[in-house]
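Positions -22 to -1, 1 to 939 (mature numbering (1 follows the signal peptide of the UniProt record, and there is no 0)) are the ones given, in order, by the sequence shown. For each residue, glycine too, the CB sits at the ideal point set by N, CA and C.
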Amino acid sequence: MRVCFHISFFLVALNFHRLARSQDSSCCHHAAEHSQCKEACDQLATIRSESHLKHLLLRLPSYCPESMAELWICVNSTLPGASRKSDGWVGLGCCELAMSAECRRECKQASSKNDITKVCKKDTEKPLYNCITKNEMGSLCCSYAGRHTNCREYCQAIFRTDSSPTSSQIKAVEEFCQMISPELIGCVRNYTKSYPIRSPIDSLYCCDRAEEAHCQTACKRILRTMNTEQEIMEGLINECGSQPLPQDPLWQCFLGSAHPPSKRDPETLPTSKMDCAKLHCCSKANTSICRDMCQEISTNWGTQTWQEFDQLCEYNPVETDLITCLADVREPCQLGCKDLSYCTNFNNRPTELFRSCNVQSDQGAMNDIKLWSNGTIKMPFMNIPVLDIRKCRPDMWKAVACALQIKPCYSKSRGSVICKSDCVDILTQCGDRKRFLEGQTPERICDLLSPTDDPERCIPLERYLKPSSLCNIIEEVIHPCNPNPCPSNHLCEVNRKGCHPGQECMPYLCVPGCKLGEASEFLVPSDSRIQVPMRNGPLGCYEVCACGPSGRLENCAELPCVETDKACMVGGQRKSHGASFRVDCHLCSCYAGETLCSTRQCLSADSSDEDRRLLTGLPCGCADQFVPVCALNGHTYPSACVARCVGFKDNQFQFGSCRNSEPCLLNPCPRNQRCVPKRRVCLTNIAEFPCQQYECVGRPPACDKNQLDPACDTDNMEHPNLCILYQRGKTLAYMGHCQDACRKPREVCGHNGETYSTVCEAFSDRVAVDYHSRCHAVGVVSEFVSDSGCNVVPCPPLSTKDCNPVTPPGACCPLCAGMLQILWNREQMNAFAKLNRNQPVTVHDILRILRRHVSVPQCDVFGYLSIDSEIVILIAPVDQQPTPLQIEACSKEAEKIDSLINSGSPTLVSHVPLSAFLTSELKISTISSSGCPSASLPSLHLCLSFSFLLIIFFLTSTGAR
């Protein structure tokens, strides 16, 4: 009966679309005396959501046990083909396995195998021909069953999928058919004897083809814990939330071949493929065994080392950095959670970070609760016996299941573990002590599962025991890329440029991308340059590759290897490579044995009053007089003293700000080209990579009218892109949509010390505004300055009441934003420039990439090079009067990026030139008091239409020219 039940159950899963249509009360009346089963059965005809229907079907045996024979016979009878001979030619059901569309089409129209041989080549369509051969053999063998339905059904089960037959399937055929047809038994034996007995873990390499990280994890767990093929298939359908379709990479791997790749044929081994995103993480391993296994599974995709890795490293408390890095690759943290039907307490949280807020995780949490209700929580390395969780703290258990599935991210670890006190509390109350193993206690279990109570490193369940306090009236913060609306080979980015007139304007763009390695699912945008570890090199050896139009990394060039084994000695203490620390007020990092620090002005604890009085806060104790000079790196310094202090010679700067210079005055371009200013601040060595402030533009024969990157000229006329503007002979005023507010000049001072004629011009340069007027004061840099030239600057009021602001270094006025001060490595920047045809690396290059990592349209990225040579990044609201929620969202975006920088996460620092970031220091704006957003503010009703965002696109338009 159990084998029959498994076959019927598998058929239910494979045919749930047809079952939903055919199921009616004629079956459900068999469950009249079992209310739970009757209710679940009746739901089949009413559910419209495919995912909900599928999960209900897969859970139906939990509500309707196999002892309800009449019900299951009725259900099975509604399944097409369960007990009938197939019509048409036997290969028809295999056509979806064809790799090419032409072959697939020809196969469906064919009447025999001979009809497809011209189009479908055997060497390239192996899965198709394997399936046809198997169907032919099945049609022959099972025909011996005659009218004996059960015998024929068990026979067909062996040939129904492309996976190798299980011992239970073979045994069932022998039991039911031995007395009916010896010919059938002989035929099946001849077929099955060619299949050696396999362990389920032989297929572990298939799990890494799953697109969802939770599916990868579940797949590995299922293969390690389940024995029969039917159980495995059912488990995968249940956990991964997808039908076994041949075009799905996971199912293609399982269904495409009956055997794992032969170890004798290295050319066909998937082990020749690699996952560069995961390989980035291997250097973070604290134990050599986990480091070696990480490298093995990342460079030899398809090996069975994953099983050992999960057991030894996945829950090892000393490998937190490694596991968090791998989690970033699988499921990056994203802002926002909504639209959950089970884990409803997680809804309406637009300013919190989650790894997996989606329908699948929501359903997974509900399924976990049902499984745990059986009395045991099964872990990969232990089983935890519990009391009836439906009666013992059910709300707490629901919060546990939802938290582990949806995975809130916290600032320091970004891990997904509940806090230890919650773990001990719930197991103390609801753990079944009578079934605990010897020596097991709630404290010991939680020491392994949840070793910390640090609120920045664990998930406090109290937060999710009740709904969000935010009102669900208006959406002040939206997340157009969560969930991801784009195809699997595209990245989702916030649309900050608008749309052509007459086109539907979506708040997101789908950008083509490349995977980080043949076996990776992590995408990077086309035209980006990526730093990846060398395939066979030691730790610290990298190459820089370009994401090409083919969707693959190409044109790779090696970088000099970094000596990661070299440590730094700081104050008698040993600091390992990559470690960040502070020396007095300096932000420092150890890089290959060299200590790199910021150049901030500091006061030690024993400094005298005279020392404090003389400290100006500027490098080298320079006076806070504003007499700007423009250096050859394109950056304006407040005085010649400061320029000399940071390393420029007198012949490498000139008096006056950089924006007041005229780079095209001497007309350095050829006759047939036009010189246009291209102001930029370079981060590379100006002697090796000159930082030209102009570019020579020819008159192109044709511009791409479909490219939308709005540009406004000095006559306040808007053009679709810069090419068309230049083609029309106009002069650029600023990038972005033309704004009436910027029609007339009104000078503003940017945080970079440059004066702009309008706020639009400043924002186009990706610079936020300090105050309204020409720049005339040196802003504060040191925290210890008692006096400043900013005293005479009238600062604008804060954008939001009760905001606790930040003051960027070198600025006079505070603002509501999240701020990062980044220490970076100039030598790495030089190396990247050398590999990129000697093109200098600029501040705009940094900002362009970082903007892609800000997923909330209500926030944007601004930045500049500070006086003390740090890169300052501001993530600020784009609305002139942002709500507290929007300010909080921007601060959370800054917190996310800061965490990725300081942890060296490949999701961020694999991007060149962000790879040169050493460490970051975070300051965020907080709100003293905040309440529910008011519905009486129509200007904040962002969900009314996307046109509101178009009004503020000038704040968010690209600064690249």
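Review point. Just how far apart, CA to CA, sit Met46 and Ser869?
Key: Your numbering for residue 46 matches position 68 in the sequence shown. Your numbering for residue 869 matches position 891 in the sequence shown. Roughly 57 angstroms between the two C-alpha positions.
**Study point:** First through last residue of the alpha helix (DSSP H) which encompasses Ile879
**Key:** Numbered from its first residue, the sequence shown carries residue 879 at position 901. Element bounds for Ile879: 862 to 880.
**Study point:** CB of residue 941 within 8 angstroms of CB of Lys100, strictly
**Key:** As displayed, the chain neither begins before -22 nor continues past 939, which places residue 941 out of reach and without an answer.
Review point. Distance, Cα to Cα, Pro295 vs Cys268?
Key: By one-based count along the sequence shown, residue 295 stands at place 317. By one-based count along the sequence shown, residue 268 stands at place 290. Answer to the nearest angstrom: the Cα atoms are 12 angstroms apart.
Check your understanding: If you check the beta carbons only, do residue 980 and Cys781 fall under 8 angstroms apart?
Key -> Nothing in the structure corresponds to residue 980, since the chain is present only between -22 and 939.
Review point. What's the gap between the Cα of Cys636 and the Cα of Leu531?
Key: Position 658 of the sequence shown holds residue 636. Position 553 of the sequence shown holds residue 531. Answer to the nearest angstrom: the Cα atoms are 38 angstroms apart.
Exercise for review: State buried or exposed for Cys738, treating a residue as buried only when at least 16 other CB atoms are found within 10 Å of its CB.
Suggested key: Stepping through the sequence shown from its first residue, residue 738 is reached at position 760. Buried, since its Cβ has 16 or more Cβ neighbours within 10 Å.
Check your understanding: Which first and last residues belong to the alpha helix (DSSP H) in which Cys738 is found?
Key -> As a first step, residue 738 is located in the sequence shown; it is residue number 760 there, counting from the start. Per DSSP, Cys738 belongs to the alpha helix (DSSP H) from 737 to 742.
Point to revise | Beta-bridge pairing of Asp691 - partner residues as DSSP gives them | key: In the sequence shown, residue 691 corresponds to position 713, counting from 1. Asp691 pairs with Leu710.
Point to revise | Buried or exposed by the 16-neighbour rule on C-beta atoms within 10 Å, applied to Arg242 | key: Taking the first residue of the sequence shown as position 1, residue 242 is located at position 264. The predicted model places Arg242 with a pLDDT of 32, which falls under 50 and marks its position as unreliable; any figure quoted below should be read in that light. By the neighbour-count rule (16 or more Cβ atoms within 10 Å), Arg242 is not buried but exposed.
**Study point:** Contiguous beta strand (DSSP E) assignments of at least 3 residues, all confined to the region 608 to 634
**Key:** 631 to 633
Practice item. Could you check which residue in Gln685, Leu700, Asp693, Cys98 has the C-alpha nearest to that of Gly676? Key: By one-based count along the sequence shown, residue 676 stands at place 698. Nearest option by C-alpha distance: Leu700.
Exercise for review: Return the Cβ separation of Cys98 and Glu84 in integer angstroms, given the expectation that the two are a contact with Cβ distance under 8 angstroms.
Suggested key: As a working mapping, residue 98 is identified with position 120 in the sequence shown. As a working mapping, residue 84 is identified with position 106 in the sequence shown. About 7 angstroms separates the two Cβ atoms, so the contact holds.
Review point. Taking the C-alpha atoms as reference points, what is the distance between Leu318 and Val337?
Key: Here residue 318 refers to the residue found at position 340 of the sequence shown. Here residue 337 refers to the residue found at position 359 of the sequence shown. Going by the C-alpha atoms only, they are around 7 angstroms apart.
**Study point:** Extent of the continuous alpha helix (DSSP H) run through Ala442
**Key:** Within the sequence shown, the letter at position 464 stands for residue 442. Per the sequence shown, residue 442 should be read as Tyr rather than Ala. It is not in any alpha helix (DSSP H) - Tyr442 carries neither H nor E in the DSSP assignment.
**Study point:** Rounded straight-line distance, which links the Cα of Pro372 to that of Trp802
**Key:** Along the sequence shown, read from residue 1 onward, the residue named residue 802 stands at position 824. Along the sequence shown, read from residue 1 onward, the residue named residue 372 stands at position 394. Using only the alpha carbons, I get a separation of about 49 angstroms.
Exercise for review: Taking Ile800 and Glu873 to be in contact with their CB atoms under 8 angstroms, please state how far apart those CB atoms are, rounded to whole angstroms.
Suggested key: By 1-based counting over the sequence shown, the position of residue 800 is 822. By 1-based counting over the sequence shown, the position of residue 873 is 895. About 14 angstroms; that fails the 8 angstroms criterion.
Exercise for review: In the DSSP assignment, find the beta strand (DSSP E) that holds Cys335 and state where it starts and stops.
Suggested key: For the purposes of this step, residue 335 is identified with residue 357 of the sequence shown, where counting begins at 1. Looking at the DSSP string, Cys335 is not in any beta strand (DSSP E), and its letter there is neither H nor E.
Practice item. Just confirm the distance between the C-beta atoms of Cys720 and Thr733, as a whole number of angstroms; I'd bet it's less than 8 angstroms. Key: In the sequence shown, the residue the question calls residue 720 occupies position 742. In the sequence shown, the residue the question calls residue 733 occupies position 755. Actually they do not touch by this definition, with Cβ atoms about 15 angstroms apart.
Review point. What first and last residue would you give for the beta strand (DSSP E) that runs through Gly799?
Key: Position 821 of the sequence shown, counting from 1, holds the residue named residue 799. The sequence as given places Gln at residue 799; Gly does not occur at that position. Per DSSP, Gln799 belongs to the beta strand (DSSP E) from 796 to 802.
Check your understanding: For Thr785 versus Val756, is the C-beta distance shorter than 8 angstroms?
Key -> Residue numbering aside, residue 785 sits at position 807 when the sequence shown is read from its first letter. Residue numbering aside, residue 756 sits at position 778 when the sequence shown is read from its first letter. No, they are not a contact pair.
Review point. So Val489 packs on His468, CB below 8 angstroms; how close in whole Å?
Key: Translated into positions along the sequence shown, residue 489 becomes position 511. Translated into positions along the sequence shown, residue 468 becomes position 490. Sure, about 6 angstroms apart at Cβ, within 8 angstroms.
**Study point:** Where the alpha helix (DSSP H) through Arg187 begins and ends
**Key:** In the sequence shown, the residue the question calls residue 187 occupies position 209. Segment: none, Arg187 is in no alpha helix (DSSP H) and carries neither H nor E.
Exercise for review: Report buried or exposed for Lys356, applying the criterion of at least 16 other Cβ atoms within 10 angstroms of its Cβ.
Suggested key: Translated into the one-based positions of the sequence shown, residue 356 becomes position 378. So Lys356 counts as exposed.
Point to revise | Best match in Gln289, Ile301, Tyr293 for proximity to Cys260 [C-alpha to C-alpha] | key: Against the sequence shown, residue 260 aligns to sequence position 282. Nearest option by C-alpha distance: Ile301.
Point to revise | CB of Ser504 within 8 angstroms of CB of Cys492, strictly | key: Taking the first residue of the sequence shown as position 1, residue 504 is located at position 526. Taking the first residue of the sequence shown as position 1, residue 492 is located at position 514. Yes; because the gap between Cβ atoms is below 8 angstroms, this pair is in contact.
Practice item. Consult DSSP for Met547 and reduce its assignment to one of helix, strand or coil. Key: Here residue 547 is taken as the residue at index 569 of the sequence shown, counted from 1. Reduced to three states, the DSSP call for Met547 is strand.
Check your understanding: Using DSSP with H/G/I as helix, E/B as strand and the rest coil, what is Phe137?
Key -> What you label residue 137 is simply residue 159 of the sequence shown in a count that begins at 1. In this structure, Phe137 counts as helix in the three-state DSSP scheme.
**Study point:** Buried/exposed call for Thr127, threshold 16 Cβ in 10 Å
**Key:** As a first step, residue 127 is located in the sequence shown; it is residue number 149 there, counting from the start. Exposed, because fewer than 16 other Cβ atoms sit within 10 Å of the Cβ of Thr127.
Review point. Taking C-beta to C-beta, are Glu725 and Gly796 nearer than 8 angstroms?
Key: Taking the first residue of the sequence shown as position 1, residue 725 is located at position 747. Taking the first residue of the sequence shown as position 1, residue 796 is located at position 818. Contact: no.
Review point. With a CB to CB cut of under 8 angstroms and the five nearest residues on each side skipped, what residues in its chain are close to Leu405?
Key: Within the sequence shown, residue 405 is the residue found at index 427, counting from 1. The answer, listed in chain order, is Ile362, Val364, Pro420, Ile423, Cys424.
Practice item. Inspect the CB distances between the region 325 to 337 and the region 305 to 315 and report whether three or more fall short of 8 angstroms. Key: A contact exists between the region 325 to 337 and the region 305 to 315.
Exercise for review: Consult DSSP for Tyr520 and reduce its assignment to one of helix, strand or coil.
Suggested key: Stepping through the sequence shown from its first residue, residue 520 is reached at position 542. DSSP places Tyr520 in strand when its eight states are reduced to three.
**Study point:** Rounded separation between Arg507 and Cys19 - CA only
**Key:** Along the sequence shown, one-based indexing puts residue 507 at 529. Along the sequence shown, one-based indexing puts residue 19 at 41. Approximately 54 angstroms between the Cα atoms of the pair.
Check your understanding: So, is Leu610 buried or exposed, given that buried needs 16 or more other C-beta atoms within 10 angstroms?
Key -> For this step, residue 610 is matched to residue 632 along the sequence shown. Buried, since its Cβ has 16 or more Cβ neighbours within 10 Å.
Review point. By the 10 Å Cβ neighbour count, where 16 or more other Cβ atoms means buried, how is residue 940 classified, buried or exposed?
Key: Since the first and last residues shown for the chain are -22 and 939, residue 940 lies out of range.
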